[in-house]
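Asks: Can you keep this structure in mind? I'll have questions shortly.
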Amino acid sequence: MKKVFDLFDLKGLKLRNRVVMAPMSRARILDSTPDSSTALYYGQRAGAGLIIAEGANVSPQACGTMGTAGIYLPEHVAGWRLTTQAVHTAGGRIFLQLAHAGRVSHRSLQPEGAAPVSSTSKHALNTTVFGINAAGHTAPLQTSMPQCLTEQELAGIRSDFVRAARLAMQAGFDGVEIHAGNGFLFEQFINGALNDRQGLYGGAPAAHRLRFLLETLDAVASAIGPDHVGVKVTPFSRLADMPSYEGETQTWLAFANEPLLGSLAYVHAAFGDVDASFALQFRQALRGTLMRPCSPDAAAANAMLEQGLADLVVMGRPFISNPDLVERMRHGWPLSLASDTTVYGGGSAGYTDYPFYKPAQEADNSSADALV
Ligand SMILES: Cc1cc2nc3c(=O)[nH]c(=O)nc-3n(C[C@H](O)[C@H](O)[C@H](O)COP(=O)(O)O)c2cc1C
Numbered sequence: 035m036k037k038v039f040d041l042f043d044l045k046g047l048k049l050r051n052r053v054v055m056a057p058m059s060r061a062r063i064l065d066s067t068p069d070s071s072t073a074l075y076y077g078q079r080a081g082a083g084l085i086i087a088e089g090a091n092v093s094p095q096a097c098g099t100m101g102t103a104g105i106y107l108p109e110h111v112a113g114w115r116l117t118t119q120a121v122h123t124a125g126g127r128i129f130l131q132l133a134h135a136g137r138v139s140h141r142s143l144q145p146e147g148a149a150p151v152s153s154t155s156k157h158a159l160n161t162t163v164f165g166i167n168a169a170g171h172t173a174p175l176q177t178s179m180p181q182c183l184t185e186q187e188l189a190g191i192r193s194d195f196v197r198a199a200r201l202a203m204q205a206g207f208d209g210v211e212i213h214a215g216n217g218f219l220f221e222q223f224i225n226g227a228l229n230d231r232q233g234l235y236g237g238a239p240a241a242h243r244l245r246f247l248l249e250t251l252d253a254v255a256s257a258i259g260p261d262h263v264g265v266k267v268t269p270f271s272r273l274a275d276m277p278s279y280e281g282e283t284q285t286w287l288a289f290a291n292e293p294l295l296g297s298l299a300y301v302h303a304a305f306g307d308v309d310a311s312f313a314l315q316f317r318q319a320l321r322g323t324l325m326r327p328c329s330p331d332a333a334a335a336n337a338m339l340e341q342g343l344a345d346l347v348v349m350g351r352p353f354i355s356n357p358d359l360v361e362r363m364r365h366g367w368p369l370s371l372a373s374d375t376t377v378y379g380g381g382s383a384g385y386t387d388y389p390f391y392k393p394a395q396e397a398d399n400s401s402a403d404a405l406v
């Protein structure tokens with residue numbers, strides 16, 4: 035048996051294999067509240083060892099694009115409960131990603147049309163989000179100029195994450211993943227070229243730029259228990275206008291060295307374009323479980339696990355069009371490709387209507403049955 039299909043003990047949570055479904059916003063959530071179609075979608079994918087449900091906004095201000103979910107109101111808890119029940123009934127495990135987009139947002143998405151917030155007042159260039167245009171229609175729009183957060187406001191956002199984590203646990207999630215990647219709010223603090231603040235949360239020392247994330251992780255871990263908390267980072271990713279900066283490698287190695295991470299459920303690191311030696315140093319510095327992206331191929335996944343490059347492998351897009359991805363990998367069955375036109379927005383087409391694979395013999399039998 036290949037290691038990728040072995041059980042994994044995630045701080046006491048038993049995973050049935052080592053394939054993790056990546057968090058993916060599908061822009062299909064109406065009024066920020068997940069419903070029965072969300073539950074059907076995730077329930078179909080419960081064959082993953084662990085699902086990380088799409089980024090959910092920790093407050094109205096956290097929203098970066100239309101169609102994303104929330105986790106700050108009682109109706110969000112009720113809506114998400116349908117999803118956690120569907121996944122658990124099918125024997126799966128599920129964490130919820132907690133997100134704050136920071137400056138990767140538009141005024142039309144913000145409470146009372148306010149400016150989005152960030153570590154800085156620098157604008158994210160060449161970055162669009164789905165907002166509401168002047169004619170009142172959903173449209174891709176350039177992000178708005180952000181407003182630089184005060185230290186007092188940072189304390190408020192930390193509390194929003196704590197509240198969201200508690201609500202996620204009430205909704206039945208097995209844990210939460212703090213989204214500190216993709217150029218979202220926490221990365222806007224970590225990035226040494228973007229973060230132009232003075233004081234405790236800015237400046238040259240990596241510890242200052244990492245402080246907001248680490249304090250938030252600590253607060254969330256104290257609230258719901260460190261075993262239920264993961265964190266996603268995307269070192270060297272240039273998404274959402276993240277510039278490169280001096281000391282970038284040292285910053286990420288300082289992060290990986292942080293003892294707090296060893297007490298958490300996992301670190302999910304989706305590296306951008308890095309050399310193998312950085313990936314190895316990151317791995318060696320980190321105490322605890324490491325998840326990394328991998329192609330949907332059992333041999334590739336197994337090689338990563340056998341070489342100790344990761345403890346769990348993460349797959350995103352392949353889960354969109356293959357709800358039974360792990361079974362397909364196990365049996366070497368062919369994979370379907372997702373249609374580009376139905377990834378974001380819309381209804382069940384391209385969301386909950388991708389079929390499970392039927393081996394040829396069974397397909398033959400069922401067509402024979404149909405003829406009788
Ligand atoms: C449709 C779509 C939505 C995504 N939404 C999120 C998200 O909500 N949070 C996040 O951290 N990453 C998000 N990602 C990135 C994925 O989690 C993953 O890192 C990326 O897709 C790379 O894996 P893959 O090549 O297997 O798809 C998204 C990716 C896709 C394709």
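Heads up: take any position in the sequence shown, counting from 1, add 34, and you land on my numbering.
Quick reminder that beta carbons are idealized off the backbone N, C-alpha and C, glycines included.
As the structure is a computational prediction, the values presented were derived from the model and not from experiment.
Check whether the Cβ of Gly34 sits closer than 7 Å to any heavy atom of ligand 1, and report yes or no.
Replies: For the chain, the structure presents residues 35 to 406; residue 34 sits outside this window and is missing.
Asks: Between Ile166 and the rest of its own chain, which residues show a CB-CB distance below 7 Å, the 5 nearest in sequence each way excluded?
Replies: Closer than 7 Å at Cβ, skipping near neighbours: Ser142, Thr172.
Asks: Tell me whether Met325 counts as near ligand 1, meaning its Cβ is closer than 7 Å to at least one heavy atom of that ligand.
Replies: Outside the cutoff, so no.
Asks: Assign Thr285 to buried or exposed, taking buried as 16 or more other Cβ atoms, counted over all protein chains shown, within 10 Å of its Cβ.
Replies: Answer is buried; the Cβ neighbour count reaches 16.
Asks: For Leu130, which three-state DSSP category applies?
Replies: Here Leu130 sits in strand by DSSP.
Asks: Hey, is the region 338–349 in contact with the region 365–384, meaning 3+ C-beta pairs nearer than 8 Å?
Replies: No: fewer than three Cβ pairs fall under 8 Å.
Asks: Are the beta-carbon atoms of Ala90 and Leu130 separated by less than 8 Å?
Replies: Closer than 8 Å, so yes.
Asks: For the candidate residues Pro293, Arg115, Gly259, whose alpha-carbon lies nearest to that of Ala241?
Replies: Minimum Cα distance to Ala241 is reached at Pro293.
Asks: What separation, rounded to the nearest whole angstrom, lies between the Cα atoms of Arg231 and Ile128?
Replies: The alpha-carbon atoms of Arg231 and Ile128 are separated by roughly 37 Å.
Asks: Can you give me the start and stop residues for the alpha helix (DSSP H) that Ala274 sits inside?
Replies: Here Ala274 belongs to no alpha helix (DSSP H), and DSSP marks it neither H nor E.
Asks: Measuring from the CB of Ala304, is there a heavy atom of ligand 1 at a distance below 7 Å?
Replies: Yes, Cβ of Ala304 sits closer than 7 Å to a heavy atom of ligand 1.
Asks: Can you list, in chain order, the residues of its chain with a C-beta nearer than 8 Å to that of Tyr385? Leave out the 5 residues immediately preceding and following it.
Replies: Here the set comprises Arg60, Arg62, Ser71, Tyr75, Thr376.
Asks: Assuming Met325 contacts Asp345 (C-beta within less than 8 Å), just tell me the rounded distance between them.
Replies: At roughly 7 Å, the Cβ-Cβ gap stays under 8 Å, so Met325 and Asp345 are in contact.
Asks: Check whether the Cβ of Asn160 sits closer than 7 Å to any heavy atom of ligand 1, and report yes or no.
Replies: It does not: the Cβ of Asn160 is nowhere closer than 7 Å to a heavy atom of ligand 1.
Asks: What is the rounded straight-line gap between the Cα of Ala96 and the Cα of Ala394?
Replies: C-alpha separation (whole angstroms): 47 Å.
Asks: Could you tell me whether the Cβ of Ile85 comes closer than 8 Å to any Cβ of chain D?
Replies: The structure shown contains no chain D; it is built from a single protein chain.
Asks: Leaving aside the five residues before and after Ala205 along the sequence, list all residues of the same chain whose C-beta is less than 7 Å from its C-beta, in chain order.
Replies: So the list reads Val111, Trp114, Arg115, Thr118, once near-sequence residues are dropped.
Asks: What distance in whole Å lies between the Cβ atoms of Val54 and Val348, which are believed to be in contact at a cut-off of 8 Å?
Replies: At roughly 5 Å, the Cβ-Cβ gap stays under 8 Å, so Val348 and Val54 are in contact.
Asks: Can you tell me the Cα-Cα spacing of Gln186 and Leu44, whole angstroms?
Replies: Taking the straight line from one Cα to the other gives about 35 Å.
Asks: State the start and end residues of the unbroken alpha helix (DSSP H) segment that holds Arg414.
Replies: Since the first and last residues shown for the chain are 35 and 406, residue 414 lies out of range.
Asks: Once you ignore the five residues that flank Gln181 on each side, which residues in its own chain have a CB closer than 7 Å to its CB?
Replies: If we look at Gln181 and ignore the five residues flanking it on each side, its Cβ neighbours are Ala149, Val151, Ser155.
Asks: Quick check on DSSP: helix, strand or coil for Leu91?
Replies: For the record, residue 91 in the displayed sequence is Asn; it is not Leu. If DSSP states are grouped into helix, strand and coil, Asn91 belongs with the strands.
Asks: For Leu234, name the three-state secondary structure that DSSP assigns.
Replies: Reduced to three states, the DSSP call for Leu234 is coil.
Asks: For a test of your reading of the model: does the CB of Pro57 fall under 7 Å from any non-hydrogen atom of ligand 2? Yes or no.
Replies: The ligand content of the structure shown is limited to ligand 1, which means ligand 2 is not among them.
Asks: Which one or two residues does DSSP pair with His213 in a beta bridge?
Replies: Note: His213 sits in a beta bridge opposite Lys266.
Asks: Decide yes or no for the touch test of the region 353–361 against the region 308–319: beta carbon pairs closer than 8 Å, at least 3 of them.
Replies: These segments do not touch.
Asks: So for Arg326, helix, strand or coil by DSSP?
Replies: Three-state DSSP puts Arg326 in a strand.
Asks: Is Asp275 near Ala158, with beta carbons less than 8 Å apart?
Replies: Yes; because the gap between Cβ atoms is below 8 Å, this pair is in contact.
Asks: Measure the CB-CB distance between Thr250 and Ile212 and report whether it falls below 8 Å.
Replies: Yes, these two residues count as a Cβ contact at 8 Å.
Asks: Going by the CB atoms, is the gap between Gly98 and Arg50 shorter than 8 Å?
Replies: Contact: no.
Asks: What would DSSP say about Ser178, mapped onto helix, strand or coil?
Replies: Ser178: coil per DSSP, three-state reduction.
Asks: Just to check, is the beta-carbon of Pro4 closer than 7 Å to a non-hydrogen atom of ligand 1?
Replies: There is simply no residue 4 to check, as the chain begins at 35 and stops at 406 in what is shown.
Asks: Taking only the alpha-carbon atoms, compute the straight-line gap between Ser93 and Ala103 and give it to the nearest angstrom.
Replies: Cα to Cα, the separation comes out at about 10 Å.
Asks: To the nearest angstrom, report how far apart Gly136 and Ala87 are at their CA atoms.
Replies: About 20 Å.
Asks: Would Ser153 and Gln222 be called neighbours here (beta carbons separated by less than 8 Å)?
Replies: Yes, the Cβ-Cβ distance between Ser153 and Gln222 is below 8 Å.
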